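The structure appears below as structure tokens.
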Amino acid sequence: MKIAFFGSKRYDQRFFDEANSKHNFEIHYFESHLNEQTAPLAQGHDVVCAFVNDTLSSSVLKSLSENGIKHVAMRCAGYNNIDLDVASSLEILVSRVPAYSPHAVAEHTIALLLALNRKVHRAYNRVREGNFALDGLLGFDLYGLTAGVIGTGKIGVNVARILKGFGCNVIVSDPYPNAECEAMGVKNVDLNELFQASDIVTLHCPLTKDSHHLIDAAALSQMKDGVTLLNTSRGALIDTQAVVNGLKSGKVGYLGLDVYEEEGDLFFEDHSGKVIQDDLFARLNTFPNVLITGHQAFFTREALQNIAHTTLGNIAEFEEKGKCNNSV
Ligand code: NAI
Numbered sequence: 003m004k005i006a007f008f009g010s011k012r013y014d015q016r017f018f019d020e021a022n023s024k025h026n027f028e029i030h031y032f033e034s035h036l037n038e039q040t041a042p043l044a045q046g047h048d049v050v051c052a053f054v055n056d057t058l059s060s061s062v063l064k065s066l067s068e069n070g071i072k073h074v075a076m077r078c079a080g081y082n083n084i085d086l087d088v089a090s091s092l093e094i095l096v097s098r099v100p101a102y103s104p105h106a107v108a109e110h111t112i113a114l115l116l117a118l119n120r121k122v123h124r125a126y127n128r129v130r131e132g133n134f135a136l137d138g139l140l141g142f143d144l145y146g147l148t149a150g151v152i153g154t155g156k157i158g159v160n161v162a163r164i165l166k167g168f169g170c171n172v173i174v175s176d177p178y179p180n181a182e183c184e185a186m187g188v189k190n191v192d193l194n195e196l197f198q199a200s201d202i203v204t205l206h207c208p209l210t211k212d213s214h215h216l217i218d219a220a221a222l223s224q225m226k227d228g229v230t231l232l233n234t235s236r237g238a239l240i241d242t243q244a245v246v247n248g249l250k251s252g253k254v255g256y257l258g259l260d261v262y263e264e265e266g267d268l269f270f271e272d273h274s275g276k277v278i279q280d281d282l283f284a285r286l287n288t289f290p291n292v293l294i295t296g297h298q299a300f301f302t303r304e305a306l307q308n309i310a311h312t313t314l315g316n317i318a319e320f321e322e323k324g325k326c327n328n329s330v
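What follows is the structure, given as structure tokens:
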């Protein structure tokens with residue numbers, strides 16, 4: 003199997019080369035993202051390996067198909083960036099890594115929450131500058147607060163468990179109630195009830211047509227003043243302009259993001275020497291009560307090992323059986 007690996011970083015190569023010692027696939031690492039311009043690089047390969055910010059639109063998939071690609075192996079869980087109908091009509095199998103470390107993402111979500119509520123991001127800078135004043139660093143206890151978890155799949159259930167450990171009153175909302183949450187005594191409520199009751203709202207559902215801009219002006223208007231909002235799922239679950247308005251009015255007290263609607267032009271690359279052209283993102287970065295990380299919630303050693311192992315396992319299974327358990 004010859005694999006065209008798009009959007010490759012040094013850390014990808016390290017973990018995939020390690021995992022590939024078992025398979026001996028021929029992997030060609032391309033630093034460029036997959037898009038209409040780069041799709042022809044796949045010529046002469048059997049499989050394309052892609053990630054969250056690669057483009058797998060109808061035209062890209064057609065180009066891949068013309069170049070002989072039969073399998074798109076996503077090295078991530080989400081697959082909202084793929085036109086699945088077109089992939090299926092072209093008989094391109096799409097596989098993914100359904101779970102590589104739900105703990106990594108859940109723990110990062112809590113890292114954002116704890117940094118925000120105790121203002122660790124501001125305290126860090128102050129202390130390094132010799133400023134030990136506490137004004138402006140007043141936090142709040144998590145104990146006793148109501149935390150609303152939207153989506154109780156593999157990640158959401160871990161977040162719910164950790165928040166329970168802090169002594170939060172945890173409520174969840176998912177069309178499919180989760181047995182583990184029920185066993186913890188966590189109530190599954192409808193979204194409106196969750197919006198109205200929660201001091202903290204954290205998003206752990208996939209991005210679909212239905213969940214696009216789940217958090218918009220109407221949702222925010224139902225929430226408590228000063229609500230803490232966390233999103234480590236997908237950027238477009240949140241209407242960013244509505245949240246910026248909410249931050250300006252005080253409706254949103256704290257915002258922790260690992261994902262952003264338009265992150266494709268920004269994240270995973272070093273733009274430190276350039277002028278950021280995205281005014282909405284630039285505005286977000288001006289608020290003292292906003293903490294943004296660049297889609298790193300998954301980024302632990304354990305997760306990268308699992309990603310490499312499962313992705314190459316998916317490719318081996320496809321080679322052997324022409325199908326794959328982790329197909330979507
Ligand atoms: P999962 O598939 O195990 O769980 C998703 C849950 O969301 C399911 O229980 C589903 O019923 C529920 N759901 C679907 N639509 C909903 C809606 N409109 N309202 C409420 N619940 C809804 O997925 P998992 O592994 O827990 O991941 C969740 C999301 O986290 C992924 O879709 C992905 O977008 C994101 N993610 C982010 C990462 C990062 O590095 N920031 C890494 C991995 C995943």
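Take any residue in the sequence shown, count from 1 to its spot, add 2: that is its number in my numbering.
Where is the CB? At the ideal position from N, CA and C, for every residue including glycine.
Since this is a predicted model, take the numbers as computed values, not measurements.
**Residue from F289, S34, D176 and E28 whose Cα sits closest to the Cα of N55** = Residue S34 is the option with its Cα nearest to N55.
**Prompt:** Tell me the DSSP bridge mates of F7?
**Reply:** Answer is Y31 and C51.
**Rounded straight-line distance, which links the Cα of N83 to that of K72** = Rounded to whole angstroms, K72 to N83 spans 18 Å at the Cα level.
**Message:** Does any residue of chain B have a CB that is nearer than 8 Å to the CB of S91?
**Reply:** As a matter of chain content, chain B is missing from the structure shown, which is built from one protein chain.
**Asked** From what residue to what residue does the beta strand (DSSP E) around Y1 run?
**Response** What is shown of the chain runs 3 to 330, which leaves residue 1 out entirely.
**Message:** Please tell me whether V244 and A106 are closer than 8 Å, where the distance is taken between their beta carbons.
**Reply:** Looking at the sequence shown, residue 244 is not Val but Ala. If you check the CB distance, A244 and A106 do not come in under 8 Å.
**Request:** Look up I173 in the DSSP assignment and say whether it is helix, strand or coil.
**Result:** I173 falls in the strand class under three-state DSSP.
**Prompt:** Should R303 be listed as close to the ligand NAI, given that the test is whether its C-beta is under 7 Å from any heavy atom?
**Reply:** The nearest non-hydrogen atom of the ligand NAI is 7 Å or more from the C-beta of R303.
**Item:** Simplified DSSP assignment, three categories, for L58
**Value:** Under the three-state reduction of DSSP output, L58 falls in the strand class.
**Host alpha helix (DSSP H) of H105 (start-end)** = Where H105 is concerned, the enclosing alpha helix (DSSP H) stretches over P104 to N119.
**Asked** Since A101 contacts A79 with CB under 8 Å, what's their CB separation in whole angstroms?
**Response** Indeed, because the Cβ distance is near 7 Å, the residues count as touching under 8 Å.
**Prompt:** Just the Cα atoms here: how many angstroms apart are H311 and E131?
**Reply:** H311 and E131: Cα-Cα distance of roughly 44 Å.
**Request:** Name the residue from E321, F269 and A135 whose alpha carbon lies nearest to the alpha carbon of H297.
**Result:** Here the closest residue by C-alpha is F269.
**Asked** What three-state label does DSSP hand N328 in the structure shown?
**Response** Residue state for N328 is assigned as coil, using DSSP reduced to three classes.
**Prompt:** Does the beta carbon of K156 fall short of 7 Å from some heavy atom of the ligand NAI?
**Reply:** Remark: the C-beta of K156 is in contact range of the ligand NAI, defined as less than 7 Å to any heavy atom.
**Cβ pair S67, E38 closer than 8 Å** = No. Outside cutoff.
**Request:** Tell me, please, whether the segment 219 to 229 touches the segment 191 to 201 by the rule of three or more beta-carbon pairs shorter than 8 Å.
**Result:** Taking a contact to require three or more Cβ pairs closer than 8 Å, the segment 219 to 229 and the segment 191 to 201 qualify as touching.
**Prompt:** Bridge partners of G150, per DSSP?
**Reply:** In DSSP, G150 forms a bridge with I173 and V203.
**Prompt:** CA-CA distance, D143 and I164?
**Reply:** Straight-line Cα distance between these residues: approximately 15 Å.
**Prompt:** Under the criterion of a Cβ to heavy atom distance below 7 Å, does I152 qualify as lining the ligand NAI?
**Reply:** At least one heavy atom of the ligand NAI is nearer than 7 Å to the Cβ of I152, so yes.
**Item:** the segment 172 to 182 / the segment 116 to 131 touching (three or more Cβ pairs under 8 Å)
**Value:** Short answer: they don't touch.
**Prompt:** Just the Cα atoms here: how many angstroms apart are D281 and S235?
**Reply:** A direct Cα-Cα distance of roughly 22 Å separates D281 from S235.
**Prompt:** Hey, how far is the Cα of V74 from the Cα of N247?
**Reply:** If I take the Cα positions, the gap works out to 39 Å.
**Request:** Taking V229 as part of the beta strand (DSSP E), name the residues at either end of that continuous run.
**Result:** For V229, the uninterrupted beta strand (DSSP E) run begins and ends at V229 to N233, by DSSP.
**Asked** Quick one: is H273 buried, meaning 16 or more other Cβ sit within 10 Å of its Cβ, or exposed?
**Response** Exposed is the call here.
**Item:** Validate contact between the segment 260 to 267 and the segment 286 to 303 using beta carbons, cut 8 Å, 3 pairs
**Value:** Yes, the segment 260 to 267 is in contact with the segment 286 to 303.
**Prompt:** For I157, which three-state DSSP category applies?
**Reply:** Collapsing the DSSP output to three states places I157 in a helix.
**Message:** Less than 8 Å between the C-beta atoms of P104 and N160, yes or no?
**Reply:** In this structure, N160 lies closer than 8 Å to P104 by Cβ.
**Among F32, T57 and N69, the one whose alpha carbon lies nearest that of S10** = Closest by alpha carbon: F32.
**Asked** So what does DSSP say about N308, is it helix, strand or coil?
**Response** In the structure shown, N308 falls within a helical segment according to DSSP collapsed to helix, strand and coil.
**Message:** Here's the rule I'm using: 16 or more other beta-carbon atoms within 10 Å means buried, otherwise exposed. How should G46 be labelled?
**Reply:** Exposed, since its Cβ has fewer than 16 Cβ neighbours within 10 Å.
**Asked** Helix, strand or coil for K189 per DSSP?
**Response** In the structure shown, K189 sits in a strand (DSSP, three-state: E or B).
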